[in-house]
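In our numbering, the protein residues as written are 2 to 139. From the three backbone atoms N, C-alpha and C, an ideal C-beta is built for every residue, glycine too. The structure under discussion appears below in the form of structure tokens.
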Ligand SMILES: [Zn+2]
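Right under this line is the structure:
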């Protein structure tokens, strides 16, 4: 019986994949550069983290400007047991927050039981730094 030994340099394989595998016309390496480091790409609207402070005024009609008062966004994410909910919230002058809620039968509203403020958007990976001052004040 002959044994063949193959030595794989994992770093070279990963580098080759990053440089050669293309998704929608870009290599994986280019996507990473774009998403993590390109300031303009990071401003691309994302339903999880888009808000007035990152919005480009040229995206809107003349009579509409996104402000801290009209940019609120909330959506449910993930899965939970019945009567619990995980949501992500942005806008209204607050940093992106992942909210943990429990349904209150007496008030017919969700009670906030916990929250987490990530440094990066869990959807698009954008650095969430437009509310740095508020983060330290809260
Ligand atoms: Zn995002």
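Comparing the CB of residue 47 with every heavy atom of ligand 1, is any distance shorter than 7 Å? In the chain shown, the residue the question calls residue 47 occupies position 46. Checking every heavy atom of ligand 1 against the Cβ of residue 47, one is found closer than 7 Å.
For residue 1: DSSP bridge partner residues: Examination of residue 1 is not possible in this model, given that the chain is present from 2 through 139 alone.
Candidates 5, 28, 4, 86, of which the one nearest residue 15 by Cα: What you label residue 15 is simply residue 14 of the chain shown in a count that begins at 1. Of 5, 28, 4, 86, the residue nearest in Cα terms is 28.
Verify the contact flag: residue 118, CB atom, against every heavy atom of ligand 1, threshold strictly below 7 Å. Start at 1 with the first residue of the chain shown, and residue 118 comes out as number 117. No, the Cβ of residue 118 stays beyond 7 Å of every heavy atom of ligand 1.
Please confirm whether residue 122 and residue 97 have their CB atoms less than 8 Å apart. In the chain shown, residue 122 corresponds to position 121, counting from 1. In the chain shown, residue 97 corresponds to position 96, counting from 1. Cβ atoms of residue 122 and residue 97: closer than 8 Å.
Count Cβ pairs between the segment 18-26 and the segment 93-107 that sit closer than 8 Å; are there 3 or more? no
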